[in-house]
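Colleague: Questions regarding the structure given below will be posed in turn.
Number of protein chains: 2
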Amino acid sequence: MSSSDGSRQRSDKNGSERAEHLAGLIMALARREGMKTGDRLIEQRLADALDLSRAPIRLGLKALEAAGLARGEPHRGFVLAKNPTSGAAQPALAAVRRNEQVYATIAGDVLASRLPADVTEAELMRRYDVTRAELQRLLGRIAAEGWIARLPGYGWRFAETVSSPEAQTQAKAFRAVIEPAAIAQPGFALPQEVIVRLRERQQRVFKGELEKMTIGEIFHSGCEFHEEIIRGAGNPFFLEALRRVNSIRRLFAYRSFADRDGMRRHVRDHLRLLDVLETQRYAEAAKLMARHLQRPLVAGLS
Amino acid sequence: MSSSDGSRQRSDKNGSERAEHLAGLIMALARREGMKTGDRLIEQRLADALDLSRAPIRLGLKALEAAGLARGEPHRGFVLAKNPTSGAAQPALAAVRRNEQVYATIAGDVLASRLPADVTEAELMRRYDVTRAELQRLLGRIAAEGWIARLPGYGWRFAETVSSPEAQTQAKAFRAVIEPAAIAQPGFALPQEVIVRLRERQQRVFKGELEKMTIGEIFHSGCEFHEEIIRGAGNPFFLEALRRVNSIRRLFAYRSFADRDGMRRHVRDHLRLLDVLETQRYAEAAKLMARHLQRPLVAGLS
DNA sequence: GATTGTATATTGTTGCCTAAAAGAACAATT
DNA sequence: AATTGTTCTTTTAGGCAACAATATACAATC
Numbered sequence: 014m015s016s017s018d019g020s021r022q023r024s025d026k027n028g029s030e031r032a033e034h035l036a037g038l039i040m041a042l043a044r045r046e047g048m049k050t051g052d053r054l055i056e057q058r059l060a061d062a063l064d065l066s067r068a069p070i071r072l073g074l075k076a077l078e079a080a081g082l083a084r085g086e087p088h089r090g091f092v093l094a095k096n097p098t099s100g101a102a103q104p105a106l107a108a109v110r111r112n113e114q115v116y117a118t119i120a121g122d123v124l125a126s127r128l129p130a131d132v133t134e135a136e137l138m139r140r141y142d143v144t145r146a147e148l149q150r151l152l153g154r155i156a157a158e159g160w161i162a163r164l165p166g167y168g169w170r171f172a173e174t175v176s177s178p179e180a181q182t183q184a185k186a187f188r189a190v191i192e193p194a195a196i197a198q199p200g201f202a203l204p205q206e207v208i209v210r211l212r213e214r215q216q217r218v219f220k221g222e223l224e225k226m227t228i229g230e231i232f233h234s235g236c237e238f239h240e241e242i243i244r245g246a247g248n249p250f251f252l253e254a255l256r257r258v259n260s261i262r263r264l265f266a267y268r269s270f271a272d273r274d275g276m277r278r279h280v281r282d283h284l285r286l287l288d289v290l291e292t293q294r295y296a297e298a299a300k301l302m303a304r305h306l307q308r309p310l311v312a313g314l315s
Numbered sequence: 014m015s016s017s018d019g020s021r022q023r024s025d026k027n028g029s030e031r032a033e034h035l036a037g038l039i040m041a042l043a044r045r046e047g048m049k050t051g052d053r054l055i056e057q058r059l060a061d062a063l064d065l066s067r068a069p070i071r072l073g074l075k076a077l078e079a080a081g082l083a084r085g086e087p088h089r090g091f092v093l094a095k096n097p098t099s100g101a102a103q104p105a106l107a108a109v110r111r112n113e114q115v116y117a118t119i120a121g122d123v124l125a126s127r128l129p130a131d132v133t134e135a136e137l138m139r140r141y142d143v144t145r146a147e148l149q150r151l152l153g154r155i156a157a158e159g160w161i162a163r164l165p166g167y168g169w170r171f172a173e174t175v176s177s178p179e180a181q182t183q184a185k186a187f188r189a190v191i192e193p194a195a196i197a198q199p200g201f202a203l204p205q206e207v208i209v210r211l212r213e214r215q216q217r218v219f220k221g222e223l224e225k226m227t228i229g230e231i232f233h234s235g236c237e238f239h240e241e242i243i244r245g246a247g248n249p250f251f252l253e254a255l256r257r258v259n260s261i262r263r264l265f266a267y268r269s270f271a272d273r274d275g276m277r278r279h280v281r282d283h284l285r286l287l288d289v290l291e292t293q294r295y296a297e298a299a300k301l302m303a304r305h306l307q308r309p310l311v312a313g314l315s
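And the structure:
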């Protein structure tokens, strides 16, 4: 990609890269929340949602204003100037994606077995042209996702989980066990407001917005749905396990392409499931979930 | 504990601390493997088992010799001079444990909710009197075990998983789902040699060695048994999920005390399970496992 | 009363450097 | 043929400085 002369300084160019990144995060959040032009962007609200303080949020908002996506007036805060799903919002979102590039590249290399199981940090720094700090943050994240682990001595080792070609099937088999079982747990319950929120989002996806969404967003939305439901078991181990599987499934998702029709059917499944859950017929819901997860893969989703 | 004047330099004293640690690792391995006085300590073998190279192993062996636990002759390598389960071997093992102290302290504080959910690195450095590097390694490990996660901004957040008082029950409920399900998976199979190895170890524990083992070792042995079995499903997601649960259960294990009788019954369950697995009656084995996991808690083990 | 603007303290990052640890290759020994 | 002893190179860790990002508290404004 870039130069190979070892100079790897942070390309500060003109605008702060960090600010653009933050702007992207805010825009992505706005999209997820289904916000529209004219909606207020309240600092504290955003800060809470993104687990940050107001200071970085403010940076992002200013960058958003500079990009013409938000309008701010003194003492009155910021307001969305463009619809987050519109074309104008794309560049800001791309800033986030660019930040994910190295991650995605590594993921791809591991999936394609272009990397040995054991690697050293220096090797990775050279290969992907990143600083040690960037790499370490990245490795930390990957480690948390569970597909790399530190060796006692030097270096890291990739989990076999990921590179194996059966991983996708195995992930499905695993989910087919834990998700229905979670619903069938004694204390399972899903608050009404959660059901409402989930239904609303699924319906929004169902009619209309599907076409505008990226694969990443579609996938993310699906994960959120399932995670929200498994949370109802009140047992964090189920949630954790699903999260982990999903973070690995996401790696595959980058490669699959969208099948909009299959996805429609998929979302319909979700809506039906919500109906059953609402009436607290959990045994039935568990069966429904099991069937849902046994459906043939739709663009790597489920 | 130690001084509070902020001076926290690596106390090199006389002997290298690292070497003692390595010696402890070797001794612990020798115990696990059931080695006896006179057995050879082959460098490459040890290096492979501990995922290290020969250089650090050699350091550990020298430290072991200095402690009188191993005897070495030129060009003939090292030989165990004491039985690893004997009292003489205790100090070396303690060196490893000392290294775990901070980890255990943090674990205890989290379990007892003496720490807030969100913490900063500086706070932890002050509280536990460790350098940043030590802390980062520790946090990395804890993050890999899944009970802390980095926040986007400053600081870290502990998972609710751990601090909740129901965690133990929830871990059990989760295992009661995945372990039998793993055995019931279509392609489940356990190689004969694995069964033999597991049976051998369980029998060794059953008669005799139980009394000599520490709680940590007993727990470790139990985990290994279950992990080895779930591995038979050939689906790494099951194994990973169990590993993660176990690493959290280990935190509780520090607090529970051993009930030797309950453990005998427990090991008997294991042996019976192996018998059924050997004859490939997997459906039956799955049921047996389910029952095994529903037994009342025995000193936090199962 | 909620939200924004601003100032300040705290926290984490980065780069540089030296030292120490680990890995790899090969010769020597049994 | 396997294992140990030795040497050499690569890789990581530690500490410290300056710096950048973040959090927090409080005043100002709507």
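Line by line, the protein sequences give chains B and S.
For the first sequence, our numbering gives the first residue as 14, with consecutive numbering after it.
For the second sequence, our numbering gives the first residue as 14, with consecutive numbering after it.
Virtual Cβ for every residue (Gly too), placed ideally from N, Cα, C.
1) Please confirm whether P104(B) and A43(B) have their CB atoms less than 8 Å apart.
2) Using 10 angstroms around the beta-carbon of T174(B), count the other beta-carbons present and answer buried if the total reaches 16, otherwise exposed.
3) Round the Cβ separation of V289(B) and L301(B) to the nearest angstrom and send it over; I've been treating them as touching at under 8 Å.
4) Using three-state DSSP, classify F219(S) as helix, strand or coil.
5) If we call anything under 8 Å between Cβ atoms a contact, is L72(S) one with L35(S)?
6) Compute the Euclidean distance between the alpha carbons of K225(B) and A125(S), then round it to the nearest angstrom.
7) Less than 7 Å between the CB of D288(S) and some heavy atom of the ligand ADP, yes or no?
8) Can you give me the Cβ contacts of L286(B) inside the same chain, cut-off strictly under 7 Å, excluding the 5 residues immediately before and after it?
9) Run the CB neighbour count on G245(B), radius 10 Å, all protein chains shown included, and call it buried at 16 or more, exposed below.
10) Report yes if the CB atom of L128(B) is closer than 8 Å to the CB atom of D64(S), and no otherwise.
11) R262(S): which of G275(S), H233(S), A32(S), D282(S) sits nearest, CA to CA?
12) Using the three-state DSSP reduction, which class does R71(S) fall into: helix, strand or coil?
13) Listed in chain order, which residues of the stretch 43-64 of chain S have Cβ atoms closer than 9 Å to some Cβ of chain B?
14) If you compare alpha carbons, which of A62(S), F91(S), A180(S), S66(S) is closest to K75(S)?
15) If we count the other Cβ atoms within 10 Å of its Cβ and call it buried at 16 or more, is R23(S) buried or exposed?
16) Please classify H239(B) as buried or exposed, where buried requires at least 16 other C-beta atoms within 10 Å of its C-beta.
17) Between the alpha carbons of V115(B) and Q205(B), how many angstroms are there, rounded?
18) Counting C-beta neighbours from all protein chains within 10 Å, is the total for R89(S) 16 or more, i.e. buried, or is it exposed?
19) Give the residues of chain B in contact with T174(S), contact being defined as C-beta atoms less than 8 Å apart.
20) Which residue comes first and which comes last in the alpha helix (DSSP H) that contains I228(B)?
21) Considering only residues of the same chain and omitting the five flanking positions on each side of E33(S), which have a CB-CB separation below 6 Å?
22) Since L82(B) sits in a beta bridge, which residues does DSSP pair it with?
23) Note down, in chain order, every chain S residue with its Cβ under 8 Å from the Cβ of P165(B).
24) Label Q57(B) either buried or exposed according to how many other C-beta atoms from any shown protein chain fall within 10 Å of its C-beta, with 16 as the threshold for buried.
25) Could you pull out every residue in the same chain whose Cβ sits closer than 6 Å to the Cβ of F219(S), ignoring the five residues on either side in sequence?
26) At a Cβ cut of 7 Å, what residues of the stretch 204-222 of chain S count as close to chain B, listed as they run along the chain?
27) Enumerated in chain order, which unbroken segments of the alpha helix (DSSP H) with a length of 4 residues or greater are wholly contained in the stretch 168-214 of chain S?
28) How is G247(S) classed by DSSP in three states: helix, strand or coil?
29) Suppose contacts are defined by Cβ-Cβ distances below 8 Å. Is A146(B) in contact with I161(B) by that definition?
30) Taking only beta-carbon atoms, is P178(S) less than 8 Å away from chain B?
31) What does G159(B) reach in chain S if we use C-beta pairs closer than 9 Å?
32) Can you tell me whether DSSP reads I55(B) as helix, strand or coil?
33) I'd like the span of the alpha helix (DSSP H) that includes R140(S), first residue to last.
34) Do M40(B) and A102(B) have their CB atoms nearer than 8 Å?
35) List, in chain order, every chain B residue whose beta-carbon is nearer than 8 Å to that of P87(S).
Modeller: In short, the structure shows the following:
1) no
2) buried
3) 6 Å
4) helix
5) yes
6) 48 Å
7) Because no ligand of any kind appears in the structure shown, any question about the ligand ADP cannot be addressed here.
8) A298, L301, M302, H305
9) buried
10) no
11) Measuring from the Cα of R262(S), the nearest candidate turns out to be H233(S).
12) In the three-state reduction of the DSSP assignment, R71(S) falls in the helix class.
13) L63, D64
14) Closest option to K75(S), Cα to Cα, is F91(S).
15) Its pLDDT being 37, under 50, R23(S) is placed unreliably in this model, and the value from its coordinates should be taken loosely. With fewer than 16 neighbouring CB atoms inside 10 Å of its own CB, R23(S) falls in the exposed class.
16) buried
17) Approximately 40 Å between the Cα atoms of the pair.
18) exposed
19) P249, F250, E253
20) 228-243
21) A76, A108
22) For L82(B), which the question treats as bridged, DSSP gives no partner whatsoever.
23) L63, D64, L65
24) exposed
25) V280
26) none
27) 173-176, 180-196
28) coil
29) no
30) no
31) Residues of chain S passing the Cβ test: A157, G159, E253, R257.
32) coil
33) 134-141
34) yes
35) Here the premise fails: no neighbours, minimum Cβ distance about 26 Å.
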